[in-house]
Every structure is written in structure tokens, then in C-alpha cells.
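There are 2 protein chains.
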Amino acid sequence: MPDKLDFQEIILKLTDYWKDQGCLVWHPHNVQVGAGTMNPATVLRVLGPEPWNVVYFEPSIRPDDGRFGDNPNRMQQHHQLQVILKPDPGNPQELYLQSLESIGIDLAKHDIRFVEDNWEQPALGAWGLGWEVWLDGQEITQFTYFQQAGGINLDPVSVEITYGLDRIALALHGVESVWDLEFGAGMKYGDLMLQSEIEHCQYYFNVADVKALKEIYDAYENEAKRSLEKGLVAPAHDFNLKCSFLFNVLDTRGAIGVTERAYYFRRMRRIAGQISELYLEQRQRLEYPFLDNEHWTVPVAEPDPEPGLSLAGDSAQTCVLEIGSEELPSGDLESAVRQLRLAAPEMLERLRLSYDRLVVRGTPRRLSLIIHGLAPCQEDLEMEVKGPPVDRAFDPAGEPTKAAVGFARSKGVRTNDLRVVTEGDRKYVAATVKEEGLASINVLSGELPILIAGIKFERSMRWNRSNISYSRPLRWLVALYGEHIIPFTYAGVHSGRISRGLRVDGSPDINIGRASEYADKIAEYNIIVQASLRKTVIWTAASNLAQGVGGIVREDPDLLTEVANLIEQPTMLLGSYEERFLDLPPDVLVAVMKKHQRYFPVYSEDGRSLLPYFIIVRNGGNQDLDIIKEGNEHVIRARFADAVFFYEKDSNQDLSTLLAKLDTLTFQAELGSMLDKVKRLEKLTPQLAEMLELDEHEKTDACRAAALSKADLASSLVVEMTSLQGIMGGQYARKSGEPEAVAQAIAEQYEAVSQTRPGFVLALADRLDSLVGLFAAGLAPKGSNDPYALRRAAIQIIENLVANEVEIDLRQALTYAAGHLPVDTTSETIGDVMRFVIARMETYLQEQGIRTSVVRAVLAEQGHNPYSAAASAKTLNEIVKKDYWQALLDAYARCVRISRDREIFELHPSQLELPEEQDLWRAYQAASQELDGSVPGLEAAIQAMEPAITTFFDSVLVMDDDPGIRQNRLALVQKIAGIVAGIADLSLLEGF
Amino acid sequence: MPDKLDFQEIILKLTDYWKDQGCLVWHPHNVQVGAGTMNPATVLRVLGPEPWNVVYFEPSIRPDDGRFGDNPNRMQQHHQLQVILKPDPGNPQELYLQSLESIGIDLAKHDIRFVEDNWEQPALGAWGLGWEVWLDGQEITQFTYFQQAGGINLDPVSVEITYGLDRIALALHGVESVWDLEFGAGMKYGDLMLQSEIEHCQYYFNVADVKALKEIYDAYENEAKRSLEKGLVAPAHDFNLKCSFLFNVLDTRGAIGVTERAYYFRRMRRIAGQISELYLEQRQRLEYPFLDNEHWTVPVAEPDPEPGLSLAGDSAQTCVLEIGSEELPSGDLESAVRQLRLAAPEMLERLRLSYDRLVVRGTPRRLSLIIHGLAPCQEDLEMEVKGPPVDRAFDPAGEPTKAAVGFARSKGVRTNDLRVVTEGDRKYVAATVKEEGLASINVLSGELPILIAGIKFERSMRWNRSNISYSRPLRWLVALYGEHIIPFTYAGVHSGRISRGLRVDGSPDINIGRASEYADKIAEYNIIVQASLRKTVIWTAASNLAQGVGGIVREDPDLLTEVANLIEQPTMLLGSYEERFLDLPPDVLVAVMKKHQRYFPVYSEDGRSLLPYFIIVRNGGNQDLDIIKEGNEHVIRARFADAVFFYEKDSNQDLSTLLAKLDTLTFQAELGSMLDKVKRLEKLTPQLAEMLELDEHEKTDACRAAALSKADLASSLVVEMTSLQGIMGGQYARKSGEPEAVAQAIAEQYEAVSQTRPGFVLALADRLDSLVGLFAAGLAPKGSNDPYALRRAAIQIIENLVANEVEIDLRQALTYAAGHLPVDTTSETIGDVMRFVIARMETYLQEQGIRTSVVRAVLAEQGHNPYSAAASAKTLNEIVKKDYWQALLDAYARCVRISRDREIFELHPSQLELPEEQDLWRAYQAASQELDGSVPGLEAAIQAMEPAITTFFDSVLVMDDDPGIRQNRLALVQKIAGIVAGIADLSLLEGF
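Chains A and B are the protein sequences, given in the same order. Sequence positions in the first sequence follow our numbering and run 210 to 1201. Sequence positions in the second sequence follow our numbering and run 210 to 1201.
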């Protein structure tokens, strides 16, 4: 092994390594592709039952990653080494880590992390679950269990390992920029690549002829279809790849709108699906020849060990179950621990297994269930079993009949032991049956697999022929009761006593002699299985490190949880970056540090500004922290450089100049471009401002903000980091000299709760336009399909109105919004949107702890006015809990029940003859004074009328034979029934 | 070294080998390319002064090589390993041969040949000189000294080595078909490639949408131009490659006509040229950074050895010069030997070097000049040098003046020795100067380089920084006089005494102690330097081998010469092929054997049919002939299989069904498709048949033949082997049940001389249509630019008419032809064509040995009727040699001279008064009877009139003062002058 491999040697060495692992050596595709995945050697070969093991190099072209050669590791062309292992060999992570060793990366000296990353390639209808592999914070590999390609489920699943060669070389060479890498033969990477990098960027960003390329896209798509018609997989695939490349160029050129994008994806995906199906048919017709490749015969799994049940001891013992897996995503880890904490006690109870105490813990690689003092056996069970009726069980002589004898025998008791039980008015014989408790170890042997299978994940995956699903591949199982293994097999893994240590130590075997040693043994290997403890360690160390440079870290529970779930042994270290980057807006810096890198940003002591530091967590101990720090600093530098690239590009122009570009950004085919949307907002905003009674200043600001609201979508930084939309708009507005109120309104438009009134109106206008527009275009959410996130839009409208205590009639607001649309809307559309918002409101209010019936009652009357509805619901919810309420409701209900479902009659007060009638009429008139549209007013009104109502109904026959009298009385109670209008339909309440 | 490398290992191993030689390891391009050359790592990097050494793998896509997987080694995708060495390292052949050893090819057991192949890629404006490297008859590598790219001369020249990996693997694995090769990881090549091979063929041949792809071509070309405008090399090159690929697909789909092809090539070449220029500018602007690559520092050449002139001995010695080079093309070898045989004696004579005998010999790797008995010194020279005039050299006293003294001193003689010489009527002093001969070795040291430099080749090349041109790189020089080296340096090579042995022996050093040993030493190493001897050996052995299987070889001097020039030690072996291939037309088999493989076909004893054998010449001895035989048999089998593939494909359909395809085969943009041409021929043929008085049967056959004449151009076999056009048309016509006469006419249409009258008419029609059509389209040949080979068409018309003794008025025929064209023609066009044909006729007749003046005289009158003109010229040529001719010509000339350049007068015979006038008039009338349009008739007529003419002019004053008399006399001589009309304009003859 030479001192440092150059770039070409890294490729050759890795290729050799995988060749030695039995992989076929393949080559880059001769069509420009965005990733090695698109090479037919991956995306087709992963389909179907045949084995396939391959390694190949692939220059990957991603036009929009182009930075004109200005970024140290972001380029339109980067270089991948792609490995496919099909089926999963059982130890792909280990093979992968060995490959890194083979090119000279000493894993003990670095921080290797498997960070959740679920890969998806919509254009290929392909996705998989897996990780980014981080080397000292740098993503160097995409490691995926490929689940679907061309929309087809993969069976077996393939392991896809995609090395980012450029970044690996950076780490290996310890240089700052790819351009300085030694490529080989005395050449630097930049010597060979830089010029063409710059040129390709020029072409993609500034030169490509949009119209021509769109036409070629259509023509190539047609060639793909023609090829498919003739059953030609390979040409069809090539054309689909060419389409994909053209799409990428068009996208980089800024010529593809959001919805147009979806349209293109759909087209590519449809063809990818057809290609995949055709390929599968083809392989089937060929009778899957690769199945015969002896070279790739997958070793048959060991046979299941003999069930060899151990004898139960006679004293309680500790029991441990450790489910060892490849790195679980943070969310899955959280959820699995939660589930086990519920499921394990339930299981033990169901199994009549008593225990002292139960602990569930977890790290990314293991879930641990420790049951202290678990009884050696189940508790015995005594059950009474009912037999034949007494009269059939005993003959007149009192002797047991054949039936009784048979029953007794079947239950294993003597006839003498049968008892007589009475059920209602009948009597039966009964036997008391005893079931003796089984040894815990034997019971758990059957039940632990069920416990594991019961853990559900939001997205789970298959990986081997067991076809069992789990969050990530399950690789080992420790299951001990005392010193005995609880024997079972799950997902092809046999339970045993061997756990594994930290990755940084090479995942050494940890032999657990007995369950009670488990916690100590694991701790001995420096693994902290308790998440809360990891968090404490991280938080304490982070705070100390920040303090060391005169700063603080801000509390951030989500980040802390995620970070704690990424490691088994946290060691914190402080990284720094150049102060010049502080010129970037803090939002940008923070977004990069937190979102991309999971670093804790370091703030000044007053928490107001950033210091040029960040805090990294490393999975392992204190060794070689310098290397890791350097690596991470390199990464953040490149990322910040990228942000600077965009920020400077954007800042060079007035925000309003970006508006023109919105014309090419399609909002939705029927609703036009983003620019069209902006124009609608410019009309809708003043109308809403009027409704909400903004003053002239506010109105002016809101309108200006509306005009500029979407401009930042055309800015480079937002194109790159969508999460900064709005925020950057505000920044750029300020830089462009817009009033602060305008900038603020733009900045907060996407937030759930607006801080300013202009911002509020803009946010409302934006969401109302989307809702009514997309409903009108027939794109209302269906089932789980909500591509435009209209549910969120509706909820945000609600939350914002509620938080800001703003009353509004959404029906009117929607009508205004509808008036500006380029598509026809009917009152039905507005009704649909209103119902949709009300449905969200219902959920929203339920989540506030308000009774469903109350929610429904209020929404029935005030659904169009969320704030008011929310306030009413809250009040009513309290009222209905009051003792006196049922009486009031009863009184009111009598009025409703007798009079509803009838025509509305006119009341002639003068014709009310009986005093009870007149009293009620007076009571009604008085109570009406109380009505102010509020729930308390309504309550007061009913309260005031209640005695009169009760007296009236007790004394007066409403349904008099004389129609005139009857109708006049009905008219009176209808008046009373009607007092709920606009407040709450009390007839929907419980107890009505 | 494992027993046999699999396909992927061959790639890896060769890559490693070249990496170890200092090459950069590059990768296939991500755009479909026809060859590794098109990768920017070749076609751009070879430009400019910077060094560049690279190795990379390249899947090469050549749609029209697709055989639907039916051929054992012909595929639309084959696999290259490309190596560029820039500059020439001095031993690239040796490095290459070592690389073959590195993958397990034992060169001692195989037949390795460097067979001339001058590579050209018109679409890239690139060409180079070099070879196909043959391994046992199989082309396994293209080895080229790259001379030009993008139309730019390369300096330094690059060595380009392109391995055909598939074929190398075939040889190494000893299997019959690529599909059976072990690829690696237990996979066969066919497992991985076959299905997509078939599919791609389907797409290219049957599915591709011609219209759409043509439009994309235009659009991509435009993108290339737009990129160029912005100075972007890399994108422009990619688009040009995409255009090239689209072109190939269109071509395979049969959508590109001959002239359209030229048009497309021009477009691609133009862009390639602009790309190359832009790239060069760019590198210059970057100040050629690769020049600083220390890794590639080219070792400085050894300094020239001290001139160290040896003492001349005192007796005559043998002298030898051996110019050792990489393999010379056969034609160059022939020509160089011829040139040396002339130049060497001239040189020796000029140098006053006497010798006994001089021998020039040559093999592909060496030119040998052996001079027996070369004098040790030049002969002394005695020269008389003229000094001042006598009257200035001596004073009146007869004493020498200062001038004389000075002159004598300057010539190194005493004044007394000055002599007096007379020149005309003046006298001078003169000195006899003696120049002593120098030692031969010293003289030759200066002159041999000049001798070598004097050898000219049709195409020569540069290869190293000496920038000297030679046929192929010159690698060693043996130059001995007796035992002494004649020291000099040429093309960077120092002369010495080391020659080199056979390639099959690893080119061992041959140390030549003294010149006289040379022949024996070389012979000892089994090299036959004498071409005639090699031929004899080959012919004898071939005849014997043929006899051994009951057959014969036909004499074929061209083939014998070429074969003898491909080897240094001929060993013949007999190969055989499956009898089933004999079902193919013999023309096809022979074309394949001779043209592609330089084999001698074996015929049955009567010479009428083929036997399934062929004879191979191997460069080397008798060892391992079986391996070589097998290799060659494999090759021919693949080639025949290819022919069968096409032949069967073609034979499946009636010839006439191919006609429709001609519609997509453009003849020329303005003149329409080949089908349009056929339709014109169908109209023109009956007109010509009428002119040439064919009978009805012949006419019918000719017309049918015209209708089918071009159908075979759409047949696969002709598309593949253009040289079989016509021949295959005839074959397919017969198979389609056409009359034999029709088949025959089709078959012979392209031959210079037709055998049948229908064939004759068709050939004439075809060529006339091309001539007048292309002239009308403005495509008359200019200078050396004759892309449609119109000169040949004209010459063939002439030869055919002459050979068949057919008289025709081409003016009329051309007028008919013009009448069917879709473009406007004028009489001027027809005049232009006629003049063009006459110009060819002039050359043709001159080449027959006919005096230029005679040719011109005849053509002036009969140019439109080539046969008649030729006959007349021949006759006249004899006549003008006769003694009496001048007298006849004088007489005739008198008539012409006095009367030409005047208006034509009317003759009134009755007014002729003088008897001489009347005699002449009678003589004219009598002579007119002799005139039959032939030259002898004309001669007879003049002869008959000559006395009368002479008498007339001697006695009569033509220019009488009386205008009436004068004009009448002039009218009479004008009549006589006019008798040459339609026969020969005698005024153009010498002596007129």
C-alpha cells in the first residue's frame, strides 16, 4: 500500500477490492447520467429474482450542482463508484468498511456515521432506504437497500453502495479542494477537469436553448415509446436517460416550473415503469439465466438450531433481548423504544410472566429490553369450564351420565370433581381446569419473535429472503434468560449471546455470559444505551465547549434528540469556520449547520449573533479528534462557500428583477406561472386588507409585499435550499431598499403565525389562492395524496387566524380569491374548500382537547370564521361540563325537537292566549337581549328562558287541534330554537 | 498470471500495464461514440505541444456493424482500450507488444503482423498513418501515428493504440464467438451483452424515427455552434459527438444518401475544426500547463556521437546501409526500393565513388543497400578553371600580371602552370585544379542522410521532434563501410551496426561485424531481404499446398506482391472453411479472402470453382502453425458468416422489393434519390437503345435492367461491401427469376467494358445521367476535387465505346439525358460536359501514344463520337508519319491559310476562267468522291488534289484585283479547306 493513493488508484483499488468479493467489473454508461444508479447495470439488473454483483465507475452529471469551478467540492460532474450486491450478502456494511480500509482509511482514526437518508429517484420510480455514510462529517457514500425500481417491488432487495470518489479522495489527501487532488500520472484533478467544468456550467446555466431541448425531450420520449412498442428494453432505457438529462439541463436553465417538474417526472416514471416491466418479462422468458451463475451462489443459511429447550431454573433471573441492526433512523429508534415500552409489559402480562422491573433502551444499532427478576415460569392458570346442563349431566338417580363422564375426561378431571354452576336460571356442570405455567425460556422462545414483529415503523424495509420488514436490516439478536440463550430465529438471524461493539472499534464481538451482565458489558465497550444519558453528555459537553470560546449553544430539543440518536458513544468537539462567512445571513448559516450537518451552532453569550464555531458530535472516543475536526471543518467550509456563491449571485440584483423569472416557473398548468400567482395576490391582498381593516400604511406594505412575495423563488439560494424561502425574500428585500414592513411580511409569509398585519394578510392571501385555485383545477387532496400540501395550508390559515385572534368570513375571502383565477369556479368549489377547511378545523379543535360534539356544534354555525369558532368551542366546552348544563340543554331541546322538521311558521304574539305562552314570549324577548353571538350570551339566554320553557311545556299542549293555535305555538318555540344561529348548533351536543 | 484472463481482467491488466508506463487512467466518455478516438481525452488532447499519455476503456458504438447478435465478432457495440502516447516514446511498438505479453499472449507462438491501414475519421477532420495489427489474421489493434485532428496538423505527433478487446479475448480464450467469452464473475459475455445487442440492432435498423432524428441532428448542431460562440469547447464537442452518433443511426437506417453523407461530414468536420482551434487557443491562453508535468518529461535524446571520422583503408570494401523502420506499407516498400536503385548509383557517381556492384533489397522493416567493392576514396578530380582574359593576364612583355598571379595563387597552382584556352574568339588563362578524393566513409557520412531524405512516399508521416518525414517511423540505421560505422544521425537515430531480427523472435539485436557479413547475418536470422525470393517461396508453397487438396491457386501478381511485402520470413499454411460457405457467390468469397485477409483462394483444378480452402502466409517459421491456422480460420469464418448474414437477408426478397428503399438513398440533393435516378434511367435507356439500334429483345432487357439497376445498393451485402455492387445485383436478379440478359446487364454496369449490348446501354445511360446531372447541379469536378468520380465516369464511357466499337453522337445522348433531369439544363451545360469528356479523351488518346496534335485535330471534329475519334486518331497518327504527308499537308494548308478568317463565299464554277482553276475544280469534284468521313478517305482526297492545288497556287493569283474573280477563287479553296469537316481539323497538326 503506497502512502497515499491518487485519484485513479482509488478507483482501481476499490474496483479490485469488489472484484475480489466476486463482483463483475462493469463500466460507465455511454449516456450522460445523474448517478450510477441509472446505468442499466443497476436500475434494470436489480429487478427480478436473479443474483447480480457488480462494481463500476460512473462520472455523474448533475447540471444544477455546477458552480463554475468555484466550489471546492460541488461540481456538475462528480465521480461515483457504484456497487450492487444482490441479494444482500448479510454483511454489506462490513464489506463496505473493509473497502475503505483497502484504500488506506484507518477507521479507528475517523468518525464514520450512517446517517438516515432515504433515497428516491422519482424519474426512475425508484427508492430505497439506507444512509448517507459520513466520514468526519463529509458524506462519502450513499448506502441503500434498494426497495423499488420502475415502480416495481424488488425481491430480492439489492444493496446499493455509491461511493462519492471525489470526497473520499479529499479526505484521503487532506486537501481543501478537489481541484488540488492528485489524479495520477503527475496530473492534478483540476488540470484535467476544471476547464470543462466551467464550460459545462456556462452551457447549462446560460447557453442551452430551452425551446430546442424541450422539443428534443419530446422526440426522445417518443423514441422511447416506439422502442417499448417493439419490446426493446435497452434503447428505451437509453432514451429515457437522455430525457432525464435534458430535463436536468432545462431545470438548471431555470425553465421548469414546480408543477411542470411533476409533469416531466410523471412522464419519465411512466416510461421507466414500462421498461422495468418489459425487462422482467424478458428475463422470465429467458428463464432467469443468472440464477445458474455458480460464481454467485448465495451460501445457504445455516439451518435453524435444534429448538433445544433449556430447563427452567427455579429462581427469577434477568432476561435480556438485544435487537442488533444496522443504524436505525432517529425517528425509528424513538418510536421503537416507545413501542417496546408498551408492548413488553403487555406481552409479559398476557403470558403470565411476573417480573420486578423492565427497562427499554436504544442506540442506533440496538434496542435493548432488560427484564429484571423475571419468573422462571408462567403463573399457573385455573379456569372454570362449563359442561352440559345439569339435567343432562345426571340421570334421575343423580348418577353422572355419559355426557358428564365424557366432559370430565376431556378436561382431565374426575367426575366427582365436577361442580354445578348457575347461569341465569339454568344450571350446568363445570370443571375447574388447571393449566400449569411453562418455563419462561420456552414461552419467550416463541413470543420474542412476535414481540419484534410487532414493532412498526413509518417506513420499513425488506432486505433478505426472509422478507421480514424492519426499519433497517436486523443483524444480530442477543436473547438470554439468565445464562441461557432463548432460542429463536427471526429474519434469518439466530438468537445468541454475541452483541457487537462500536463501529470505531471495528464492531468487536461482545460475549454476554449471562443476562445480568448485559448492561455492564455493553458499558464496558463504551456504549451508552440510555438515550437520556447520551443527551445529557452531549448537552453538557456542548455547553462547555461553547463556553470555552465565550459563547453558548441554544436549546434545541429536536436537534439534541436527533444527534443523540446518531451515535452510541458521544464525544463532542468544537469546530470553527472563517469569520468571513458571518457576513452571510445567520438563517443561512444555521440552516446549513443544523439541517445539513447536525451541528450545534455557537452563539454569542447574549444569544443574538453567531460566533464562527460549531459543535460536532463524534461516534466514539477521544482519539484522533484533530483529524475529525479538520474533516468536519472542511465540509462546512465547502457548504458555506456554496451558500456564499448563491448569496452573492442573488445579492447582485434587485429583488424585483427576479420577478421576471417567475414567468418560467409554473405554479400549476391551469393556474399559470408563479408570476400569474403573484399578480393574483396583488389583487387579493387589498381586498383582504379591506376586510381586515388594515390602515393605509399597512395596506400599502401588504400590497408591495405581495408583489415581491415570490421573487425569492427565483433566487439561487432558495432554489438550492427551499427551506429558506421567504426568509431570503425578506433579506433580499431589505438589501433592495424595501421598507422593513415589506421585508418582514415577505419573510414571514410561510410561517404558521404571522407577526405583522401586512404579513398576515399576505400569508392568508397566498393560502386562499392556492386552496381555491387548486380545488378549482380539480387537485383537491385525495386520501394520502396531497402534493400541494393543501392540508397544511388550511391548518396554517386556521392557526394564524386563531393565534392572531382575527375574525373573518372565509366564505367571502374565498369568493374574492376565486374571482381572480383563470379557471372557472362555482359556488360549489367554494363550498368544497370551506368543508375542507372545516374538516381541518375539526381535527384542530379536537387536538385542543375539545369534545367532538362541541366542536361539531360550533363548526356547524361558525366554521367559516375559525377564530370565532375556536373561541366559542373552548367556552362551550367548559360550559357543557357544568352541572346545570344538562337542564338547560333539555329545556332547549324540547323546543327544538317538537318544532324541527316542520315548516317555519309566523309568530303572532297577540294571539298567544295562555299565560304560560305569554310568559315564554316575554322570556324569549328578554333573553334575546342577552344574545351577542357569543356562547356565554347564548348560555345566559337559555338560562334566562329555562323556567319559562319548562313551565310552558309542562302546561301547554303545543299540538293543539286548532291549526292556528298549534302553528302559533310552534312558531314561538321555533323562535327559541333559533337563538343558536351563528353560535353553535346545540342539537349536535351530547345529551341533546 | 492466471491461466487465462477473463474479459474484465484483460481490461484491468492492460490498464495496469499502461499505468505502469506512466499513462493517466481515464474513462469512457458519457456520450455514445464510435471509437475511443472521439473521447476528448484523445481527439482534443492530441492537439498542441503538451505531452499526454493516457489509457482508457471505451465501449464503441457502430450501429451499422450490428448483426442482431448473429455474427461471432461483429457487433454494434464492441470494446476498445485506447492508449495515447504523446510524444512518441521511440519504442511504441515494443511497448505495445509487451502489453500483449502482459495479458498472456506468447508472441513466439502467434503470427503478429503490422498491416498498413491509414486511418481517417472524416467527421473529426482527423487522420493518421499506421497499421492494423493482426494476430493470426485477426485484426486486434489499430496502431496509428496521429497526424491531424480537427483539420489541424499535430506537432508533436501522437501514437494512438486502439485495442479491439473483444477480438483479443477471442484469441486468448480460443472460443468461436464473443458471446461465449468469459466476461468475469462467472458471467459470459453473451449473458451480459447479447440481449441489448439484438435490441439496439432492432432500433437502429428498423425502429429509429428518421425525421425526428434528423431534426435533433440540426438542433444539436445548433447547440454546438452556440457553445462555440461562447467559447465552450467541451459542450461543443459533446454535441458534435451526439450529431455523429445520430448520423450513424440515420445511416444505418438507410436514410443517408451518398451525397447527403458528404454534406453531413462537412458539417461535422467544420465544427470539429472550430472546436480544435478553440481548444488550442484555450491551451495557449493557459500557457500549456501540461508542459510542466514532470511525470511526463520526455528523456532528452542522446547527444550526437563525435563525428570521429575513421581512416579510409586502402582497398575496396563492402558498404551496407540498412534503414530499419516500423512496417512499411507494401506500396511504399516497392517504391522505396525502386527509388534507391536509381538514387544510389547516381549518388555514387556524383561522389566519384567507384564500386563493383550495387544491390537494393527490402522487407517491410528494412531497406538494404549493399555496395560491393566500394573504393576507399573518391576518385581525384581534375578541373580546368578559367581565369582572366589573356590580354589582362599577361603584360605586353609576356609577364604575368597581378591578376594572373592572384588567380594562380587562388587555385593553388604555379603561374607557370597556367595555360591558355580559347573560347569563341576570346582567349583566357586557365588553371588545372586537382581535387583529391576524400575517404568514402567520410563522404558517405554526409551523403547517406541526403540519400535517405531523397526517398519520397505517396503519404509520409512525422513522428518525433526531428519532424523528419518518412513512410513510417525510422527506428534504426546500420551503416558500415567494411568494419567501420559510417557515422551520422537521421531523424534522431544514430547510425550503428545493430540490426534487428524477426518480430516473432522478439526483434533480437543483430550485430553486424562488417558490411560483408550483412547478407549472411540477416539470412541467419531467417530474414529474406529479396522480395523476388520471398515471392517465389510463397508461390511455390502456395501451389504445393493447393495441390495437396487437389486444387490450384490462380496467378494474382498484385496479391502476391502485397503478401510478399507484408512479411520478412514467409511460411505458408493451408486453412479451410466449412463447405456450406460455398453456397455464397464465389465473387463474395474471393472478395473477402483477398481484400480483407490477403489469402490466396484455392480453386478446383479446372479453375472454375472454389474449394473450401485458402492459403495464409505467416511472418515467421514453422512453429505453432496450428494455433495460427486456427486463428485465421476463425477470422474467415466470422467474415463469411457476416457475408451469409447479408446474403440470406438479401435473398429473402425479390430484388425489385429493394427498389422502394432507394427512395431514402439520396443520390444528390438536387437530383433526388437513387429511385429518382432509376426512373430517369428507365426513360433514357430506350432512347439510347434506339440510337444504338438495339433489337426489340435487347431493348426490353436493357429497360428491365435499368429498372432494377440500382436495387442492389439497398441490399445488405452491397451496403457492407461496396465493391460488390452490380455483381450482387446480377446475382439477386437471377435469384429473382429475371432473364439472364437482364442479370448480366445489371452485373456489368459498373465495369469498364460491357460484354452485352443491354449492359452497354445501361452503363452508358448511368454515366451520362451522372455527368449531365451533376454538372447541372454545379458539381463539376474542380482541381483534385472530384467527389463523384466524374472523371472516371467519362473515361469509362470512352473506353467502353472504343472497346465495343460503338459510334454515337454524345451531344444527342446528353441532350436526351438532360431532358429527364429535375434541374434546369442549358445547352451550355451540355457543352461543358462535352468539353469535359473531350478533355478526358485527349488524355486517353495521348496515353495510347498518339501525338498530341493529332489528337487535337481529330477531337476538334469528332470529339462527340469517341470511338470514331479514336479510330481516326490512330489512323491519322500513322499517316502523319509518312514521308509524303508533309507535301499533302502543305498543299492543304495553302488552301486554308489564304481563305480562313474570311467570310464564306459562294462558288460559281462557270466563272472559273483559268485552266488551273478549272483543273482544281475538277480535282476537287473527283476527290470529293473519295470522302467517306474517314481519315484514309480524306488522305486519298488530298492526295488526289495535291498536284492541282500546287499548280493552282503556283500559277494563279488568288487575290485578284477584281473582287468577283477573287471571291470566286477564294470560294474554291474554301471548298477544299472544308473537306476535313467531321474528320480532323488538319490545321491543328504539326507542320501546318
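Note that beta-carbon positions come from the ideal geometry of N, C-alpha and C, so glycine has one too. What you are looking at is a predicted structure, and each value in this text was computed from that prediction instead of being measured.
- Between the beta-carbon of L578/B and that of L549/B there is about 6 Å, and that keeps the pair under the 8 Å contact cut.
- For the segment 429–440 of chain B, the set of positions with a beta-carbon nearer than 7 Å to some beta-carbon of chain A reads N431, E432, R435, S436, K439 in chain order.
- Look at the beta carbons and you see the segment 358–373 of chain B touching the segment 664–678 of chain B: at least three pairs across the two are nearer than 8 Å.
- Around the beta carbon of S534/A, 16 or more other beta carbons lie within 10 angstroms, which makes this residue buried.
- The beta carbon of V419/B does not come within 8 Å of any beta carbon belonging to chain A, so the residue lies off that interface.
- One Cα belongs to D1041/A, the other to Q964/A, and the distance between them is close to 29 Å.
- One finds G395 in chain A with Cβ atoms closer than 8 Å to the Cβ of E503/B, taken in chain order.
- In the three-state scheme derived from DSSP, where H, G and I count as helix and E and B as strand, W672/A is classed as coil.
- I321/A and M670/A have their alpha carbons spaced roughly 23 Å apart.
- Spanning the alpha carbons of V887/B and E424/B requires a straight line of approximately 28 Å.
- For D718/B, the enclosing beta strand (DSSP E) starts and ends at 718–720.
- Beta-bridge partners of S704/A (DSSP): L686/A.
- In the three-state scheme derived from DSSP, where H, G and I count as helix and E and B as strand, T894/B is classed as helix.
- Among the CB atoms of chain B, none fall inside 8 Å of the CB of G313/A.
- If one requires a minimum length of 3 residues, the beta strand (DSSP E) runs lying completely within the segment 819–877 of chain A are 819–828, 875–877, in chain order.
- By the Cβ rule, the segment 627–640 of chain B counts as touching the segment 593–612 of chain B, because three or more pairs are nearer than 8 Å.
- Fully contained in the segment 901–969 of chain A are the following alpha helix (DSSP H) runs of length 4 or more, in chain order: 905–917, 925–929, 936–944, 949–957.
- Closer than 8 Å at the C-beta level to chain A, one finds these residues of the segment 397–409 of chain B: D400, L401, Q404, S405, E408, H409.
- In the DSSP assignment, Y786/A falls outside any beta strand (DSSP E), carrying neither H nor E.
- Nearest CB-CB separation between F414/B and chain A: not below the 8 Å threshold.
- Around the Cβ of L1198/B, a 10 Å sphere holds 16 or more other Cβ atoms; the residue is buried.
- In the structure shown, P301/A falls within a helical segment according to DSSP collapsed to helix, strand and coil.
- Residue-level contact by beta carbon holds for I270/A and chain B, with a gap shorter than 8 Å.
- DSSP places Y812/B in the uninterrupted beta strand (DSSP E) bounded by 809–813.
- In this structure, Y856/A is the residue among Y856/A, K744/A, E438/A, R743/A with its C-alpha nearest to the C-alpha of L791/A.
- Nearest neighbour of P682/A by Cα position, chosen from D729/A, E536/A, G939/A, turns out to be E536/A.
- In this structure, L768/B and K803/B form a Cβ contact; the two beta carbons are roughly 6 Å apart against a cut-off of 8 Å.
- In this structure, the beta-carbon distance from N774/A to E543/A falls below 8 Å.
- Not flagged as an interface residue toward chain A: G337/B, since no C-beta distance is shorter than 8 Å.
- For a Cβ distance threshold of 8 Å, residue set P237, H238, N239, V240, Q241, V242, P268, I270 of chain A lies close to N239/B, ordered along the chain.
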